[in-house]
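Only one structure is covered here, and it is reproduced in the block below.
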Amino acid sequence: MKPLTFYTNPNSRGRIIRWMLEELNLPYDVELMHFGGNIKSAEFLALNPMGKVPAIKHGNTVVTEGAAICAYLADQFADKGLAPAPDSPERGTYYRWLFFAAGPLEMATTAKAYNWRLDSDNCTSVGCGLYNDTLNTLETALANGPYLCGEQFTAADVYVGSHISWGMLFGTLERRPAFTDYVQRLQARKAYSRATELDDALAKTMEHQ
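The opening position of the sequence shown corresponds to residue 1 in full-length UniProt numbering, with each subsequent residue numbered one higher.
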């Protein structure tokens with residue numbers, strides 16, 4: 001198996017990829033990146049010129065951006081069943097909501113967090129449209145659960161579920177019953193618990209460095 005290196009900081013979206021890796025249950029190495037430190041080093045910038053985490057290196061392949069990493073890993077390790085088969089009717093659903101979270105949902109919740117103006121004057125020019133429209137659309141994604149692709153848990157649930165969980169935690173996403181029920185189902189997974197324990201322990205280690 002090609003070596004897999006995970007570049008992360010536990011106080012970042014790297015937690016999404018940690019969870020994804022634990023769902024895959026594969027060996028991987030961890031490179032801890034420090035904000036204001038080695039995350040801006042020439043070595044890391046050669047991998048990701050943005051100087052941000054998460055990132056992975058799988059053999060000679062570098063992948064950045066959370067949604068892209070989730071999709072890449074699900075396809076590379078297709079035997080783990082974290083993506084619908086290419087010929088499955090759920091394959092389109094999987095891509096739809098994975099990238100809905102990376103685009104409109106991320107934009108809408110960021111706008112909410114920073115009080116950016118989203119209204120009838122500019123919503124047609126903004127990818128997420130109106131905030132409530134984005135949330136209402138997200139809610140429809142959960143209507144045929146328990147997961148985004150029905151009975152199959154996928155990488156899209158890892159990515160979308162993380163955004164919903166954090167949005168509710170930080171107050172940028174309403175605590176609708178559909179959202180809270182979905183997050184509770186996801187957080188009951190063993191891989192989620194393992195990932196959280198690993199990142200919480202890593203965060204404590206950083207406090208004493």
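Quick reminder that beta carbons are idealized off the backbone N, C-alpha and C, glycines included.
Considering only the beta carbon of each residue, do residue i and residue j sit closer than 7 angstroms?
i           : j           : result
residue 16  : residue 193 : no
residue 155 : residue 82  : yes
residue 39  : residue 56  : no
residue 159 : residue 101 : yes
residue 109 : residue 148 : no
Counting C-beta neighbours from all protein chains within 10 Å, is the total for residue i 16 or more, i.e. buried, or is it exposed?
i          : result
residue 87 : exposed
residue 84 : buried
residue 43 : exposed
residue 49 : exposed
residue 58 : buried
Three-state secondary structure (DSSP) at residue i?
i           : result
residue 112 : helix
residue 181 : helix
residue 149 : strand
residue 83  : coil
residue 58  : strand
residue 6   : strand
residue 154 : coil
residue 160 : helix
Taking residue i as the reference, which of the options has the closest Cα?
i          : options          : result
residue 37 : 53, 27, 178, 26  : 53
residue 13 : 26, 196, 207     : 196
residue 33 : 7, 27, 126, 21   : 7
residue 77 : 171, 137, 144, 2 : 2
residue 4  : 11, 98, 22       : 22
In terms of residue numbering, what span does the beta strand (DSSP E) encompassing residue i cover?
i           : result
residue 173 : Segment: none, residue 173 is in no beta strand (DSSP E) and carries neither H nor E.
residue 29  : 29-32
Checking contacts by CB at 7 angstroms: is residue i closer than that to chain D?
i           : result
residue 158 : Among the chains in the structure shown there is no chain D, since it carries only a single protein chain.
Along the chain, where does the alpha helix (DSSP H) that runs through residue i open and close?
i           : result
residue 198 : 190-207
residue 99  : 90-100
residue 135 : 131-141
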